[in-house]
Amino acid sequence: MRVLGIETTCDETAVAVVADRLGGDGGDILSNEVLSQIAQHAAYGGVVPEIAARAHIDVLDRLISRALGHAKIEAKDLDAVAAAAGPGLVGGVLVGLTAGKALALALGKPFVAVNHLEAHALTARLTEALNFPFLALLVSGGHTQLVAVKGVGDYRRLGSTVDDAAGEAFDKVAKMLGLAYPGGPQIEKLALQGEPHRFDFPRPMLGREGADFSLSGLKTAVRLEILKLGTPSEKDVKDLAASFQAAIVDVIVDRVRAGVRLFIERHGAPQGLVIGGGVAANGAIRRALTQFCVESGLRFVSPPANLCSDNGAIIAWAGLERLKCGLTNDLAFAPRPRWPLDAVASDAHHGKA
Ligand code: ATP
Ligand code: MG
Ligand code: FE
Numbered sequence: 006m007r008v009l010g011i012e013t014t015c016d017e018t019a020v021a022v023v024a025d026r027l028g029g030d031g032g033d034i035l036s037n038e039v040l041s042q043i044a045q046h047a048a049y050g051g052v053v054p055e056i057a058a059r060a061h062i063d064v065l066d067r068l069i070s071r072a073l074g075h076a077k078i079e080a081k082d083l084d085a086v087a088a089a090a091g092p093g094l095v096g097g098v099l100v101g102l103t104a105g106k107a108l109a110l111a112l113g114k115p116f117v118a119v120n121h122l123e124a125h126a127l128t129a130r131l132t133e134a135l136n137f138p139f140l141a142l143l144v145s146g147g148h149t150q151l152v153a154v155k156g157v158g159d160y161r162r163l164g165s166t167v168d169d170a171a172g173e174a175f176d177k178v179a180k181m182l183g184l185a186y187p188g189g190p191q192i193e194k195l196a197l198q199g200e201p202h203r204f205d206f207p208r209p210m211l212g213r214e215g216a217d218f219s220l221s222g223l224k225t226a227v228r229l230e231i232l233k234l235g236t237p238s239e240k241d242v243k244d245l246a247a248s249f250q251a252a253i254v255d256v257i258v259d260r261v262r263a264g265v266r267l268f269i270e271r272h273g274a275p276q277g278l279v280i281g282g283g284v285a286a287n288g289a290i291r292r293a294l295t296q297f298c299v300e301s302g303l304r305f306v307s308p309p310a311n312l313c314s315d316n317g318a319i320i321a322w323a324g325l326e327r328l329k330c331g332l333t334n335d336l337a338f339a340p341r342p343r344w345p346l347d348a349v350a351s352d353a354h355h356g357k358a
């Protein structure tokens with residue numbers, strides 16, 4: 006089966022074509038076109054919804070043609086068209102969702118509405134053979150949560166952030182340090198040259214019941230430290246980046262440990278831990294989770310960084326997984342700017358919106 010997927014929920018316009026494999030283990034990415042709008046938002050220090058929606062309109066048609074061209078297939082040979090229907094910025098979602106529905110209608114092929122977080126959670130099954138159930142850590146600019154993935158369309162949230170998302174914390178701290186948006190990758194780079202033990206930043210929620218996260222206190226602690234320093238030197242900035250990253254790594258590992266415990270209590274032993282979302286590209290986080298999984302005897306499935314951040318292949322793959330389960334949607338499916346993963350299960354009616 007071959008499915009085209011469209012992603013426009015935030016600041017990437019992305020289109021991809023993926024295929025499944027005989028035997029059902031993983032999939033193949035036939036094309037994966039991603040256009041980041043970062044340059045258009047950089048001057049504002051974050052994503053501007055109206056600019057994002059217009060930019061998606063400008064490039065989406067061309068990107069669809071390019072994705073089909075690079076996949077060397079004709080639109081009529083697709084088995085379905087999938088689009089991210091949320092959660093995300095409503096203007097952007099509307100652009101991708103409408104394009105996806107129009108393409109499906111014109112081709113007379115099934116349409117699949119994909120939850121963007123579901124796509125991050127299922128990506129591990131595109132890159133490796135992995136059975137349900139498994140634990141997914143989703144960490145991005147807009148989301149930070151731990152989810153029990155029990156099957157396609159069957160997701161149970163175990164914990165989420167009560168304030169800032171992990172990527173938001175990286176971006177806000179980067180801004181305080183005078184670094185450009187998005188700050189995550191720059192903090193990671195500077196942290197390599199910094200002293201992670203120089204500043205003893207708080208590790209909120211450590212050891213706490215449940216598997217929720219809290220990151221705004223950590224961000225505030227960094228702000229206060231910067232105020233104390235006055236004008237931080239180049240070395241101060243590196244040490245602040247390293248110390249902040251060390252704290253967030255500790256928080257993430259502790260919350261994952263708590264998530265594994267909750268998972269076992271509620272759903273039995275997981276088949277593995279998977280990561281998704283832009284922050285999952287962070288090397289320090291990957292290394293710490295690799296070590297945690299070795300110690301816990303848990304399989305760690307970490308898709309390559311380009312599949313952790315937003316792209317079309319993850320939407321196409323989630324669409325393909327849903328199609329195989331007979332979970333398609335009608336063309337009345339409306340954008341869902343807010344769409345918690347737990348709600349996806351109740352939306353999963355065979356052949357209906
Ligand atoms: P959504 O939350 O809907 O998935 P998003 O656009 O925030 O949307 P991504 O594009 O997956 O999601 O992630 C972007 C975020 O990831 C930004 O906050 C960015 O700073 C962060 N990020 C990217 N690379 C790294 C890195 N190496 N280390 C830390 N954070 C990173
Ligand atoms: Mg993005
Ligand atoms: Fe995302």
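Residue numbers for the sequence shown, in this note's numbering: 6 to 358. Idealized CB from N, CA, C, for every residue including glycine.
Simplified DSSP assignment, three categories, for residue i
i      : result
ASP33  : strand
GLY146 : coil
LEU27  : coil
GLY162 : This sequence places Arg at residue 162; Gly is not what is there. In the structure shown, ARG162 sits in a strand (DSSP, three-state: E or B).
GLY189 : helix
SER248 : helix
VAL52  : coil
ALA141 : strand
LEU336 : coil
GLU200 : coil
PHE268 : helix
ALA274 : coil
GLU239 : helix
GLU123 : helix
ALA348 : helix
VAL20  : strand
LEU65  : helix
ALA134 : coil
LEU110 : helix
LEU195 : helix
ALA153 : strand
VAL306 : strand
VAL167 : coil
ALA353 : Its pLDDT being 49, under 50, ALA353 is placed unreliably in this model, and the coordinates cannot settle the point.
Range of the contiguous alpha helix (DSSP H) that encloses residue i
i      : result
ARG2   : Nothing can be reported for residue 2: it is not among the residues displayed for the chain, which extend from 6 to 358.
LEU234 : 221-234
LEU325 : 317-329
GLY172 : 171-181
HIS46  : 43-47
ASN311 : 310-313
Cβ neighbours of residue i in the same chain (closer than 6 Å, five flanking residues each side left out)
i      : result
ALA171 : VAL144, THR149 and VAL284
ALA353 : With a pLDDT of 49 at ALA353, under the threshold of 50, the predicted position of this residue should be treated as unreliable, though the coordinate-derived value follows. Around ALA353: GLY158 and LEU332.
ALA289 : GLN250 and VAL254
ILE56  : GLN45
ALA263 : ALA216
VAL39  : GLU17, ALA19 and ASN316
SER221 : ASP168 and ASP169
TRP344 : GLY91, PRO92 and ASN120
ARG203 : ASP244 and SER248
SER41  : GLU17
HIS272 : PRO138 and ALA153
Cβ neighbours of residue i in the same chain (closer than 7 Å, five flanking residues each side left out)
i      : result
ALA134 : ASP30 and GLY31
VAL242 : LEU182 and LEU195
ASP25  : MET6, GLY32 and LEU325
ALA226 : PHE206 and PRO207
GLY51  : TYR186
SER36  : ALA21, VAL22, ALA72, HIS75 and ALA76
ALA339 : none
Own chain residues within Cβ distance below 8 Å of residue i, not counting five before or after
i      : result
ASP82  : ARG7
ARG291 : ILE280, ALA285 and SER307
LEU336 : LYS106, ALA109, LEU110 and PHE116
THR14  : ALA89, GLY91, PRO92, GLY93, LEU94, GLY97, VAL98, GLY101, HIS121 and ASP315
GLY156 : PHE137 and PRO138
First through last residue of the beta strand (DSSP E) which encompasses residue i
i      : result
ASN120 : 116-120
GLY10  : 7-12
LEU278 : 278-281
Check: residue i C-beta below 7 Å from any heavy atom of ligand 4
i     : result
ASP33 : This structure simply doesn't include ligand 4; it includes ligand 1, ligand 2 and ligand 3 instead.
- 3-residue-minimum beta strand (DSSP E) runs that sit fully inside the segment 67-105, ordered along the chain: 85-91
- For ligand 3, enumerate in chain order all residues having a CB closer than 5 Å to any of its heavy atoms. SER145 and ASP315
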